[in-house]
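Let me begin by presenting the structure, written as C-alpha cells, before commenting on it.
In my numbering, the protein residues as written are 248 to 321.
Given below as C-alpha cells:
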C-alpha cells in the first residue's frame, strides 16, 4: 500500500495531485491511502471515485482522516 498526504494541498492542486498519485499507485500497488484534513473540500474527489466505480474506504469519523482506494491492475 502506498500512502500520500494531501493535507498541505488546496484546490485545484488537491484534485490534480489526487488523480496523479492514484494513477501512479495503479501501476505500483494494490491500494493507496490519501490523508486529508476535515477542512478540505473533497467533493470533486468523491464525485470522481463514484463516477469511476472505484472501490474505496472513507474514514471520516476520527483522525487521521483518509480515503483508501483499491487499485485495479489490468
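Backbone N, C-alpha and C fix where the C-beta goes; we use that ideal spot for every residue, glycine too. Remember, predicted model here, so these are calculated numbers, not experimental data.
* Closest by C-alpha distance to residue 222, when choosing among 304, 289, 317, 310 -> Residue 222 lies beyond the residue range present for the chain, which begins at 248 and ends at 321; the question has no answer from this structure.
* Asked: What do you get for residue 235, buried or exposed, if any count of 16 or more other CB atoms within 10 angstroms of its CB means buried?
  -> In the structure as shown, the chain starts at 248 and stops at 321, and residue 235 therefore has no counterpart that could be examined.
* To do: Could you give the DSSP three-state label for residue 268: helix, strand or coil?
  => In the chain shown, the residue the question calls residue 268 occupies position 21. It is helical.
* To do: Check residue 252 in the structure and name its three-state DSSP category.
  => Along the chain shown, read from residue 1 onward, the residue named residue 252 stands at position 5. For residue 252, the secondary structure class from DSSP, reduced to helix, strand or coil, is strand.
* Nearest-angstrom Cβ-Cβ length linking residue 254 and residue 283, presumed shorter than 8 Å -> As a working mapping, residue 254 is identified with position 7 in the chain shown. As a working mapping, residue 283 is identified with position 36 in the chain shown. That belief holds up - the Cβ atoms of residue 254 and residue 283 are roughly 6 Å apart, short of 8 Å.
* Straight-line CA distance for residue 280 to residue 299? -> As a first step, residue 280 must be located in the chain shown, where it is residue number 33. As a first step, residue 299 must be located in the chain shown, where it is residue number 52. C-alpha separation (whole angstroms): 17 Å.
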